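S.K.: Quick one: structure below, then a few questions.
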Amino acid sequence: MRHGEAEPQYLSDSERQLTAAGQAEVSEMAQWLHHHYSAFDRIFSSPYRRTQQTAAVLLQKGLSAHPVEVNADLVPEGNAQLVVDFLDMLYAENPQTKILLVSHMPLVSFLVEAFTRSGQTPIFDTAGVACIDYHQHRGILLEYACPSMLRLVKSVS
């Protein structure tokens, strides 16, 4: 998942906070995730403020009973292969665990490509979520959703 809309960059990128619109986006996606997927066993977030705030909303909406764990590799310029290796280690211990990562562009795009080996790096809207079925070093992108897509579906139905 990419964090919600954040305030413009002033002094430090790592200290940018979610805007009110960003909090609303995350809340909307949390409801969607809660409706379409069961709770997550673990949520990992980058140490940046906006991802921590995003993860806090997810917890508040009941997407996990466990505290958010910080992973320093989930920063915007992080190395996707390091994250894949970390998750492979976790899945070796418990293959059924459900994990949610909260990160940034461009890393979230690189992670989708690294987990699915699809040759595609999708662009994420703020609060966008890529749902991947990942087993034994190979994943399949099940779906991608973001607030603007949810609003489009609602307006059509």
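Note that full-length UniProt numbering has the sequence shown beginning at 1, numbered continuously upward. Note that the Cβ used here is the ideal one computed from N, Cα and C, for glycine as well. Only a predicted model underlies this, so the values are computations on that prediction, with no experimental measurement involved.
CA-CA distance, residue 9 and residue 43?
M.R.: 26 Å
S.K.: Verify whether the separation of the beta carbon atoms of residue 82 and residue 33 is less than 8 Å.
M.R.: no
S.K.: Between the Cα of residue 115 and the Cα atoms of 3, 127, 133, 151, which residue gives the shortest distance?
M.R.: 133
S.K.: Report yes or no: do three or more beta-carbon pairs, one from the stretch 56–74 and one from the stretch 87–96, lie closer than 8 Å?
M.R.: no
S.K.: Along the beta strand (DSSP E) that carries residue 102, what are the first and last residues, could you check?
M.R.: 99–102
S.K.: Just the C-alpha distance for residue 23 and residue 73, rounded to the nearest angstrom, thanks.
M.R.: 23 Å
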